[in-house]
Amino acid sequence: MIKKQNDLEKRFHEQEETVRELGLKLEGYIKREDEFREKDVLQTSTWMKDEDVKECCQCKKDFNALRRKHHCRKCGQIFCEACVCTKLTLVGSNKPVRVCDMCCTRVLAQCVVNNP
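The sequence shown lines up with residues 21 to 136 when you count with the numbering used here.
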């Protein structure tokens with residue numbers, strides 16, 4: 021009887037360890053899926069090429085060593101930091117990313133429409 025109990029306890033601990041390992045693998049797969057989904061969302065917008073843009077798409081200030089270029093992760097246009105300072109978590113993104121004011125307004129309006 022004691023041997024059978026010891027065998028059952030051993031099997032229980034082995035199965036417990038297997039469940040723990042499977043949980044860790046599942047976490048890894050979920051993280052990778054989120055990364056792929058985020059890349060897919062970011063690739064759907066047509067990004068402006070850095071070399072084609074000399075000024076901010078919103079305020080029209082010229083870019084220079086101090087005023088750097090930043091892409092809106094929703095529309096792909098290029099802005100200065102002041103004009104793309106809002107961060108939102110977009111569909112398919114697992115973390116907040118920079119969006120321009122226009123995209124921010126559109127995303128928030130869509131949230132209001134979808135969640136009255």
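Ideal Cβ placement from N, Cα and C applies to all residues, glycine included.
Note that the structure is a prediction, hence the values are computed from the model and not measured.
- The beta carbon of W67 sits closer than 8 Å to those of H91, G96, all from its chain and outside the five residues before and after it, given in chain order.
- Where K107 is concerned, the enclosing beta strand (DSSP E) starts and stops at 106 to 108.
- Per DSSP, reduced to three states, the secondary structure at V73 is coil, with no helix or strand assignment.
- Less than 9 Å separates the beta-carbon of C120 from that of C103.
- Counting the other Cβ atoms within 10 Å of the Cβ of R31 gives fewer than 16, which makes it exposed.
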